[in-house]
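Residue numbers (the numbering used here): 1 to 291.
Here a beta-carbon is modelled for each residue, glycine too, at the ideal position from N, C-alpha and C.
To start, the structure itself, in structure tokens.
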């Protein structure tokens with residue numbers, strides 16, 4: 001089936017929900033259904049979610065209609081329902097263009113779909129937390145959040161941890177300055193609807209940025225590669241700024257530390273050895289990875 005989607009619009013009243021429904025009919029609907037393996041019911045669920053998403057973000061109706069339909073179809077390509085709740089993907093109005101952008105949870109979903117990663121965790125490091133990590137032959141990652149009732153201070157860094165199905169663990173640490181350097185590469189960084197400028201107390205863009213850098217040590221699939229390409233298009237990043245290994249990630253600032261791998265055959269701390277994976281990778285409590 002051709003990947004081209006022809007958008008049907010009426011000359012009048014193009015900025016209405018009714019005209020959007022018309023635009024999503026025909027080729028767009030066929031394309032969406034094809035991404036859901038020919039399941040018409042799932043295709044209709046997606047279209048219903050897409051219309052409701054645009055109803056809640058009316059600025060999208062003022063965007064170029066072709067860009068809006070193509071952004072929605074891109075979300076369907078990865079089988080993500082348009083939603084501000086799931087955190088998997090967003091359709092954002094940049095001036096008069098609708099742009100598809102991946103969310104942190106979208107990358108997590110695609111990484112899990114590889115079937116090779118058992119657990120993924122991300123955490124923000126604050127100035128009053130206890131945090132230390134070491135690279136080299138005996139890597140260590142230890143994070144003790146400030147006690148309840150004690151201000152945690154300002155965010156100063158972020159890290160991601162992944163456990164492979166075979167048992168190996170990898171982690172990636174980035175400082176606030178390194179994350180902000182990545183933000184500066186985005187042409188959309190000053191746009192009103194950019195995720196960088198949204199109300200984001202959990203700092204999901206920090207987590208997403210760190211996970212993108214970390215992904216060079218994680219399994220890659222065609223879906224993940226396409227997601228990175230589409231995400232970077234939405235951010236307005238130039239291909240010249242992509243990693244030379246392929247269309248994967250922006251250049252890390254000079255001095256950025258590569259992800260650290262802890263092989264499964266090496267002994268871990270007794271507490272980690274006895275704890276189930278969910279306890280090791282739960283988001284919030286003490287995290288300690290060592291040999």
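CB of residue i within 9 Å of CB of residue j, strictly
{"i": "residue 106", "j": "residue 131", "result": "no"}
{"i": "residue 193", "j": "residue 58", "result": "no"}
{"i": "residue 235", "j": "residue 95", "result": "no"}
{"i": "residue 196", "j": "residue 183", "result": "yes"}
{"i": "residue 63", "j": "residue 41", "result": "no"}
{"i": "residue 210", "j": "residue 169", "result": "no"}
{"i": "residue 68", "j": "residue 61", "result": "yes"}
{"i": "residue 114", "j": "residue 218", "result": "yes"}
{"i": "residue 213", "j": "residue 174", "result": "yes"}
{"i": "residue 81", "j": "residue 49", "result": "yes"}
{"i": "residue 207", "j": "residue 133", "result": "no"}
{"i": "residue 111", "j": "residue 224", "result": "yes"}
{"i": "residue 205", "j": "residue 179", "result": "yes"}
Endpoints, alpha helix (DSSP H) assigned at residue i
{"i": "residue 82", "result": "No alpha helix (DSSP H) contains residue 82, which DSSP labels as neither H nor E."}
{"i": "residue 228", "result": "222-235"}
{"i": "residue 204", "result": "204-214"}
{"i": "residue 19", "result": "17-23"}
{"i": "residue 28", "result": "27-35"}
Distance between residue j and residue i (C-alpha atoms, nearest Å)
{"i": "residue 247", "j": "residue 232", "result": "Confidence at residue 247 is low in this model, with a pLDDT of 32, below 50, so the placement of that residue should be treated as unreliable; the coordinate-derived value is given next. Roughly 9 Å separates the two Cα atoms."}
{"i": "residue 229", "j": "residue 79", "result": "16 Å"}
{"i": "residue 20", "j": "residue 198", "result": "26 Å"}
{"i": "residue 101", "j": "residue 89", "result": "6 Å"}
{"i": "residue 154", "j": "residue 34", "result": "46 Å"}
{"i": "residue 148", "j": "residue 116", "result": "36 Å"}
{"i": "residue 181", "j": "residue 26", "result": "43 Å"}
{"i": "residue 150", "j": "residue 144", "result": "13 Å"}
{"i": "residue 227", "j": "residue 185", "result": "18 Å"}
{"i": "residue 203", "j": "residue 65", "result": "31 Å"}
{"i": "residue 270", "j": "residue 24", "result": "Reliability of the predicted coordinates at residue 270 is poor, the pLDDT of 42 falling under 50, and no value is obtained from them."}
{"i": "residue 243", "j": "residue 167", "result": "In this prediction, residue 243 has a pLDDT of 44, which is less than 50 and means its spatial position is unreliable; nothing more can be read from the coordinates."}
{"i": "residue 85", "j": "residue 136", "result": "39 Å"}
{"i": "residue 140", "j": "residue 15", "result": "55 Å"}
{"i": "residue 123", "j": "residue 22", "result": "43 Å"}
Residues that DSSP places opposite residue i in a beta bridge
{"i": "residue 48", "result": "Partner(s): none; residue 48 has no beta bridge."}
{"i": "residue 100", "result": "91"}
{"i": "residue 155", "result": "126"}
{"i": "residue 133", "result": "141"}
{"i": "residue 175", "result": "157"}
{"i": "residue 182", "result": "Residue 182 pairs with nothing; no bridge assigned."}
{"i": "residue 117", "result": "164"}
Closest by C-alpha distance to residue i, when choosing among the options
{"i": "residue 216", "options": "201, 162 and 200", "result": "162"}
{"i": "residue 37", "options": "76, 169 and 173", "result": "76"}
{"i": "residue 99", "options": "54, 120, 115 and 110", "result": "54"}
{"i": "residue 159", "options": "116, 152, 142 and 147", "result": "142"}
{"i": "residue 380", "options": "16, 187 and 51", "result": "The displayed coordinates of the chain run from 1 to 291. Any statement about residue 380 would go beyond what the structure contains."}
{"i": "residue 164", "options": "222, 104, 119 and 31", "result": "119"}
{"i": "residue 83", "options": "205, 126, 46 and 127", "result": "46"}
{"i": "residue 128", "options": "135, 139, 166 and 146", "result": "146"}
{"i": "residue 17", "options": "56, 44, 43 and 91", "result": "56"}
{"i": "residue 126", "options": "201, 74, 31 and 187", "result": "201"}
Limits of the unbroken beta strand (DSSP E) element including residue i
{"i": "residue 141", "result": "140-144"}
Min CB distance residue i to chain C below 9 Å
{"i": "residue 137", "result": "No chain C appears in this structure, which consists of one protein chain only."}
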